[in-house]
Each structure stands twice: as C-alpha cells, then as structure tokens.
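Student: The structure follows.
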Amino acid sequence: MSRRLLTINKLSVTFGGLHALKDLDFYVDEGEIVSVIGPNGAGKTTFFNMISGMVTPTSGDIIFKGESLLGLDPNQVTAAGIARTFQNVRLFANMTILENVMVAQHCRTRQGLWGALFQTRPFKREEQEIREHGEKVLSFFGTRLVGYRLDQPAAVLSYANRRRLEIARAMATKPTIILLDEPVAGMNPKESAALTQLIGELRSDWGFTIVMIEHDMSVVRDVSDRVVVLDHGETIAHGTYEEVSTNPDVIEAYLGRPAEEPA
Amino acid sequence: MSAAFVQEPSTEELPARRPLDQDWRKLLSYGLLLALVMVFVALTNMPVNLDRRMLIEPIFSMGYLSLFWLPAVFGLVVCREPVLAGMPSYAKGSREVLAGSLVGLIGGAGLSMLTFLLDNFNLREPLVNWSPQLLELLSFRQDTAFGIAIWLPIGLVLGTFGGLAHLFSATTRRVLSWAFVSVITFAVFETVILDLSEGFAWLGAEWVVDELYFIRGGLTMHGAAVLAVAGGLFAAFGRDRAHRAKESFQALEGTSRTRANAIGLLVVAAALVILPLFLGGITNELLANVGLFVLLALGLNIVVGLAGILDLGYVAFFAIGGYTAGILTTTNRGESWPDWMPQFYWGTALVFVVILAALAGLFIGAPVIRMRGDYLAIVTLGFGEIIRLLFLSDWLGGYTGAAQGVTNIGGVQVFGLATVKGTDPRAVFYLVLFFCAIAIYVSWRLERSRLGRAWMAIREDESVAEAMGINTVNAKLMAFVVGAVLASFSGAILAAKVGSVFPNSFIILVSIVILVVVIVGGMGNIAGVIVGSVVLIGILGGPRQPGLLQEFSEYKLLIYGVLLIWMMLKRPEGLVPNVRRTRELHQDEYLQDAWLRGEIDTDSEHTDDSHSNGNTGVLPA
C-alpha cells in the first residue's frame, strides 16, 4: 500500500451563501493519477484553488504529508510540493520560455541580493543549476520548447504549446503533486492523445502524483486510476472509470433527469 | 528567420487626388486645433519669456520659434496617411499643399483674432498671464493693424511649407530637417558649447565659437548658414555611412556583440571621466544635477520598471537620505540632540543613511506592499507626504530644524585628501558618477538574477507568480528596499552638495518628476532611464534645479505634461525602450511581425490541424 499524500476532510467553502463546495472528502495516494470531473460550475476549479491556497475554505481540513495546508499562502503550498496549471493558460507571456521555467524554481533556490551583486560562486552554481533543470523540464516535450525557442517570449507559442509550457512550469517547481486544470482543453484529438501519454510518463518517469480536472473523457479513461465526480460542490460518485461512467447519478448530472412519463 | 517575408510598402502609386478633393471636416478641425494651440501658447506668455533667448541674432528668437513651428507641423500632419505594407497609396500633389496652407491660414487667423482682441478689449482680468509685451511681440513691434494682418500670411506660408514637405523626396526632406535641427541644436546648446570651447581652447575651439555665436548670445547669421549647410551635407552623405555602421553593429552576434558592447561602454565611461576636466562650472553643475536624478530614477526603475510597484512617494527615501546625512555631518545640529553625539564624516554617515533608508523601505513597504494597483499608488503618495510633513513638524523640529531645515552641512572628505562640496561642481560630478556606476551595476546584476526574474513574474501576473512559489511580499519588499537605498544615496549627495536640506526640497513634485523621467526615458531599461534624466533634467531642469533651457523653467511642468501625454500616445515604451516592455505594449504588432518572419510556432508536426488549435497569435485575456 502506497503512502497517503493528500487527505481532505469535510471541506466546504461558501461565497456569500452559495455553497461552492460542501463537505468534500478526498484523498490521493502516492503515484496515483486521479481525475476530477463534473459539469460546468460543479466546483472543480474552486477545489483546485483551495488546495493551492488561493481560496480559503470555510471549514474542513487539507492534510498534505501529515501536515495541514490551511492558512498557508499559495507560495508556501507550492514550496510544500503542490504545483498547478491554470484552466485559462496563465503564462508570463512576455518572459522567455526558459525564464518561465527558471522563475518557477524560485522556492527551491536560495540566492538573494548578496550573491547577485557580488557574483559569488554559489550564486553562479545555482544559476547554472536553475538553467539546466529548466532545460531538462522543457525537453520533456521533445523539441517543441527547446533550441531557439528558449529565448523567445512565451507569447509566440501556439495554444497547445502554451499548455505544454504551463505543465513544464509546474514541473520545474519540483513538486510531489501536480494539479492539472484541463490539460488538453483546446487541443485536437491527436495532440490530446500525445499529451495523455505524457501525463502517464509524468508519473512513471518523473514520479509525480497527479490530480487532473478534465472534460475529455477519452483522456480520463486512458490515464486515471480513480475518478471523482463533483456536482454542485458535492461528490456524487467515486471509483474507477468504469464504475463511475455507468453510475446513474453521474449520467443524470451530465444529461439531466429523464422526463417523467405523463400520467 | 530572415526578414524576407516582411513586405516593403508597394512602389505602385495611385494617381494624385484633385486639390479640392479634401476631407473638409478634418481640415477644419486641424485648423481650429492649431489656432487653439497657438493662442494657448501665446497666452501662457511663453513667446515673451523666450524672446530673450536669441537663436539667430538678430532675426530669430526662441519666442518666435515657440509659435512658428506649430503651423508647419500641423500643415504636415494634416495629410499624413498610414502607409500599409504592400498596398498602393495615393501620389502626393497639390491636394496636400492646399490642405497645409488652409490649416496654416486658419491657425494664423486664430493669432490675428487674438491680437485684435488683446488690442481692443481688456482681457487682463480673466487671462492673467499675458503681458503688454505679448501684443508687441505679436505685432512684430509695429502697430497692431500690422500684427493682425501679418499672422494670416505667416500661417499660410508655414502651413504651405508643411504641406510641401509631402512632395519632397526622402533625401530632400532629410537634408532640410537635418539642416534645421543642427541650427536649432547649436543655438539651444550654446551654453554647453561655449563651456566646452573654453576647455578645448588649445585646439583653437574658441575661434570657431567666436565665429558661430554672437557676443550677447545667439548664432550669427553666417554661423547659422554654415551649420545648416554642414547639417544638410551630413544628411546627404554622412548619414548613410553612420546608418550602415549602426546596422552592422546590430547584426553582430554572440561574443563579438558582447565585445562591441563592452568597448562602447568603456568609451562612454572614459568620456564621462575625462570630459568634465574640460568643462566649466555651469556644465559640471548641470551634469551633477542630472546624475542625482539618474541615481533616483535608477532606483525607482527597480521598483516600478522591474517589480511593477507604482510608487508615487519615492521622494520619501530621497528625503531620508538627505536628512540623515545632513544631521550627522552638520556643525549646526538641532537643539534636541544630546551633546555627546559626534559629528560624523560623510562616509561614516553614509552607513547610517543606508541602514535608515533600508529600514524606512521596510516600514513603509510592509503595510503598502499588500495592496495592488491604484490603491498602492495612492497610499505611497500619502507616505511620501507624511515623511516630508514629519520633517517639517514641531514634533521632530528639535531634531530636523522644521522649516529652517538643516544647514552648515559639511562636504564629503575623500580619504582626507580633498573635500567635495557644492562650490566645486566637478568634484560633485565625480562623486555622483561613482554612485551612478554603483546603481547601474546593481540594476544590471539584479535584473539577471533569481530576484530579478521574480520581480518580472510579479509584474506580469502577481497571483500566478505567487502560485508558482514566489513569496511576493518578500520579493516586493526587496525591490522597495533596494530602491530606497539608491534614493538615499542621492539624498546624501544632495545634502553634501547644497550644504543644507529643507522640507520643501522634497515636495511631491519630485516623486512625479522622477516617475516622468523613468516613463519618458523607457521603463525597465537602464540606458533609457539615463537618457530620460539627460533630456528632462539636463535640458528642461528638475523640480528645483535649473536646466539648460533656463528660459523654460516657468513652463517646465507644462512641457513635462505635454511630453508625457505625447509619449503615452505615440511611444508608450519610452525613448530607449526595454525589449520586454515594447513587446508587452505592442503585442499585436509584435506577434504580427513574428508571424511574417515565420517565427510563430504552428505545430509543424500537425500541419493538418493548425487551424483548429486556436493559433491566432492572440493571447487569451
């Protein structure tokens, strides 16, 4: 039995009377790929925002590696080992591709004013390491993001490559868990199939645990160990893809209740 | 990767339009705008104040220049049309000339009307700025009827000239503008050139200068003619070579580029070290003032340009530096200080200056930094004033001298060898230069470090930067502290230079001026910030420091404002832009160019679906 990484107990958040999430229980074990699905407005992104510290829950607890994440700032959560991507790609568009992954290593590095001003040996060594790690992470996506691209601004990338760069940026923070918010949104079937395989490699080759929000059911089916279905801020189903996809509650949440027979 | 895809404007031309084929409404609105601007300039009394400064003796003063350039520029601009790459455009002809003339005529009519009104009605009450000399100037020291009549032909001629410029070939236009610019430049920079010529007297420079300039100021007629010809000749023959040299420099890559940059930097540095030896007091004083603002602007550039924190109270740190250095080195300290407190050397005091400025940066920064955008700007504005009012207050008056300020501040002792004081502007300049070099080094190193990258990320998107593991509060505080320390250097030098500090040396205007310097020069670019200081502080003058054009001192803020608005509209990235910022401000154009060069990535391995993946080169909002 692998180690339990993340446990979420009775997590709730209300935005002025609206229950975005209600008594949510959730867990992730080390090395798992868990998908979170649900119709629009089910609270999936709020759920991610809460784990990454951008939204404070009203009640409940988030335990990561045995310690509570409640009250931590987003940067502390990232430092603890949870990185994320965003649904509406939010790169640093005017920084170069390499700088995007270099800046993501901020919480793993130490050098400050002193080192930069006096160009100390540890400073130079660290800069070298940051650069090498950045290039290593980028080369995970083949040749798309390396070579002459390294010094181009992220703004010139195609949509699919921006998504890839976002994943690379999350990888660069050296996390334990990566939260992927709709990683294949806007990609064509071929690209999403390729990315699905890469998500598998994120676990097998890099050892990341992955929690993923996704609407594309073929991706969810191909890669996830477990699927959690949210609707109206509550878990309505939980299990393997096969279990969940045949669950009547889930079908109802997506397709609506069958019309009542006229009496 | 080549620029072969970028198309030149088509050489094909549509036939010229008929002269009366005008956009009359545009023409009229430009004419009225010109009339308004000219009347406004006249009513600020600028022509009268500037009339004292002769450009070409005895025919042309800066006062007339302030009015004359307007019709010509409007006459040119009214028929400006965008030239689209690859699209044919209309040939230029009599239509453009007519439009220019009409606009000039309407503008001239505006001044005629003003002359008439000033002569016949008492407008002193609502329009306080104009003086009887204005009427005299507007009527060219003849009787008023002449003045009323003469502005119509003047407007007409100048406007026509502006319109005619459309018909000139590119070379002609270049030759004319260079001739004009060289005359004006030499006339405007008279003080510096005279000063230089004294330093280079052994080269026979004085003889040249005596020929060029009239004794009581202004170029001589033949001097102006020589300069015009020289400027024109350079434009016709020398400019291409200069252009090619620049292009070949820009084409350099890798190590040779680095080496060329290093050589350029060395030459500039050597010039800055050697040149002051040949300059007189006035120019050195000017350079020292520019240097003080370079120091301030470099500091603010870290805060605003790199970290994106709009700090409107930056003067606070300037004040803290000035007061700390002043109080610690003065012989005439406020009565509340205990007797045992020694009088420090400036160098020792500087240690305290740095510590205090850093602490002030932390204390002001800590509450402010959690705010964003407009709120932050307003709060910093408040803190800037609070610091000044504290120094002015009765509460701290025993320590800071309240309104009397701190006087009798000693100079800077350099290893007991010499004392740098305001009476020796050259020494002050070298002192400022030393600290500017430090500031440049600090900015340059920090930009390319872990901290610099964090600042850039925060400027781009603060919430994402935080989600990517950057402790935004710490990083922003760091920017605040570094900026504060650089400003405090400037304050400490100011105290030693002037020998006294007063609360009203640190008014809010100083913050604004520094910010304008950074914006106009080019936010986020070290060279830009320096250029901005030279242009604004050196030529126009700082909040309390006279610039090269002392006649403009009354209109300094007006010109700052106009310049700022114009820059925001036409060149928001500044005079010497930062690559990154230019990209940010012109992202659409940048992406278009990148697309034309074939640099936009189209996922070549999936060419069949490059349409479907949203590759429009437009970022999601």
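Chains as they are written, first to last, in the numbering used here: chain L, 1 to 263; chain F, 1001 to 1621.
Cβ coordinates follow ideal geometry from the N, Cα and C atoms, glycine included.
Source: prediction; values computed, not measured.
So F/Asn1120 contacts chain L; which residues on that side make the cut at Cβ distance below 8 Å?
Tutor: What F/Asn1120 touches in chain L: nothing, since even the nearest Cβ is about 59 Å away.
Student: What do you get for L/Pro122, buried or exposed, if any count of 16 or more other CB atoms within 10 angstroms of its CB means buried?
Tutor: Flag for L/Pro122 reads exposed.
Student: Alpha carbon to alpha carbon, what distance is there between F/Val1518 and L/Ile51?
Tutor: Rounded to whole angstroms, L/Ile51 to F/Val1518 spans 40 Å at the Cα level.
Student: If you run the structure through DSSP and keep just helix, strand and coil, what is L/Phe15?
Tutor: Strand, per DSSP.
Student: Is it true that the stretch 1505-1525 of chain F meets the stretch 1285-1304 of chain F, where meeting means three or more beta-carbon pairs spaced less than 8 Å apart?
Tutor: Verdict: yes, contact present.
Student: Report yes or no: is there a C-beta of chain F within less than 8 Å of the C-beta of L/Thr173?
Tutor: It does; some Cβ of chain F falls within 8 Å.
Student: Which first and last residues belong to the beta strand (DSSP E) in which F/Gln1413 is found?
Tutor: Note, F/Gln1413: beta strand (DSSP E), 1412-1414.
Student: Quick check on the DSSP output: the alpha helix (DSSP H) that includes F/Met1054 runs from which residue to which?
Tutor: F/Met1054 -> not in any alpha helix (DSSP H); beta strand (DSSP E) instead, spanning 1054-1056.
Student: Is F/Gly1104 helix, strand or coil by DSSP?
Tutor: It is helical.
Student: Give the interface partners of F/Thr1472 over in chain L, defined as CB-CB distance under 8 Å, in chain order.
Tutor: The answer, in chain order, is Asn75.
Student: What distance in whole Å lies between the Cβ atoms of L/Leu117 and F/Arg1445, which are believed to be in contact at a cut-off of 8 Å?
Tutor: Yes, F/Arg1445 and L/Leu117 are in contact; Cβ-Cβ is about 6 Å, under 8 Å.
Student: Going by DSSP, what residue range makes up the alpha helix (DSSP H) through F/Val1041?
Tutor: Counting along the chain, the alpha helix (DSSP H) containing F/Val1041 begins and ends at 1024-1043.
Student: Could you check whether the Cβ of F/Pro1620 sits closer than 8 Å to any Cβ belonging to chain L?
Tutor: Note on F/Pro1620: pLDDT 41, under 50, position unreliable in the model; no value is reported.
Student: Quick one: Cα of L/Pro183 to Cα of F/Phe1435, how far?
Tutor: Near 50 Å, if we compare the C-alpha coordinates of F/Phe1435 and L/Pro183.
Student: Can you name the start and end residues of the beta strand (DSSP E) that L/Ile33 belongs to?
Tutor: Here the beta strand (DSSP E) through L/Ile33 covers 33-37.
Student: Apart from the five residues just before and just after F/Gly1155, which ones in its own chain have a Cβ nearer than 6 Å to its Cβ?
Tutor: Closer than 6 Å at the Cβ level, and outside the excluded window around F/Gly1155, lie Pro1071, Gly1104, Leu1105, Gly1107, Gly1108.
Student: Is F/Ala1262 closer than 8 Å to F/Phe1317 when the C-beta atoms are compared?
Tutor: No; because the gap between Cβ atoms is not below 8 Å, this pair is not in contact.
Student: Considering only their Cβ atoms, is the gap separating F/Gly1159 from F/Phe1060 smaller than 8 Å?
Tutor: Not in contact: F/Phe1060 and F/Gly1159 (Cβ atoms no closer than 8 Å).
Student: Once the 5 residues before and after F/Ala1492 are set aside, which same chain residues still bring their CB inside 8 Å of it?
Tutor: Within the same chain, F/Ala1492 has close Cβ partners Gly1321, Gly1322, Thr1324, Ala1325, Trp1346, Ala1349, Leu1350, Val1353.
Student: Of all the CB atoms in chain L, is at least one closer than 8 Å to the CB of F/Ser1449?
Tutor: It does: the Cβ of F/Ser1449 has a partner Cβ on chain L nearer than 8 Å.
Student: According to DSSP, is L/His238 helix, strand or coil?
Tutor: L/His238 falls in the strand class under three-state DSSP.
Student: Can we count F/Ser1553 as close to the ligand ATP, meaning its CB is less than 7 Å from some heavy atom?
Tutor: Inclusion of the ligand ATP in the displayed structure is not the case, the ligand content being empty and no account of it being possible.
Student: Would you kindly work out how many angstroms separate the C-alpha atoms of F/Leu1111 and L/Tyr159, rounded to a whole number?
Tutor: Roughly 58 Å separates the two Cα atoms.
Student: At 8 Å on the CB atoms, spell out the chain F contacts of L/Pro122, in chain order.
Tutor: Correct list: empty, because the minimum Cβ distance to chain F is about 12 Å.
Student: Look at the alpha carbon of F/Val1428 and the alpha carbon of F/Thr1283, and state the distance between them as a whole number of angstroms.
Tutor: C-alpha separation (whole angstroms): 12 Å.
Student: Between which two residues does the beta strand (DSSP E) holding L/Phe64 run?
Tutor: It spans 59-64 - the beta strand (DSSP E) in which L/Phe64 sits, taken as one unbroken run.
Student: Let me know the beta strand (DSSP E) ranges lying completely inside the stretch 56-109 of chain L, each 3 residues or longer, listed in chain order.
Tutor: You should have 59-64, 82-84.
Student: Quick one: is F/Leu976 buried, meaning 16 or more other Cβ sit within 10 Å of its Cβ, or exposed?
Tutor: Any property of residue 976 of chain F remains undetermined from this structure, which presents chain F solely from 1001 to 1621.
Student: Determine which residues of the stretch 1458-1471 of chain F have a Cβ less than 8 Å from any Cβ of chain L, and write them out in chain order.
Tutor: For the stretch 1458-1471 of chain F, which is checked against every Cβ of chain L, the residues closer than 8 Å are Glu1460, Asp1461, Ser1463, Val1464, Ala1465, Glu1466, Ala1467, Met1468, Gly1469, Ile1470, Asn1471.
Student: Using the three-state DSSP reduction, which class does L/Leu5 fall into: helix, strand or coil?
Tutor: Reduced to three states, the DSSP call for L/Leu5 is strand.
Student: For the stretch 1297-1358 of chain F, which segments carrying the alpha helix (DSSP H) assignment without a break, of at least 4 residues, lie completely within its bounds, in sequence order?
Tutor: The stretch 1297-1358 of chain F contains these whole alpha helix (DSSP H) runs: 1315-1329.
Student: Please report how far the alpha carbon of L/Asn9 lies from the alpha carbon of L/Glu126, in whole angstroms.
Tutor: Roughly 39 Å separates the two Cα atoms.
Student: Taking the C-alpha atoms as reference points, what is the distance between L/Asp25 and L/Gly60?
Tutor: Approximately 9 Å, taken between the alpha carbons.
Student: With a threshold of 8 Å on Cβ separation, who are the neighbours of F/Phe1140 within its own chain once the five nearest residues in sequence on each side are excluded?
Tutor: Here the set comprises Phe1146, Gly1147, Ile1150.
Student: Mind reading off the beta-carbon distance from F/Pro1503 to F/Arg1388? Whole number of angstroms is fine, and I expect it under 8 Å.
Tutor: The Cβ separation is near 5 Å, so the contact holds.
Student: Closer than 8 Å, CB to CB, is F/Glu1012 near chain L or not?
Tutor: It does not; no Cβ of chain L falls within 8 Å.
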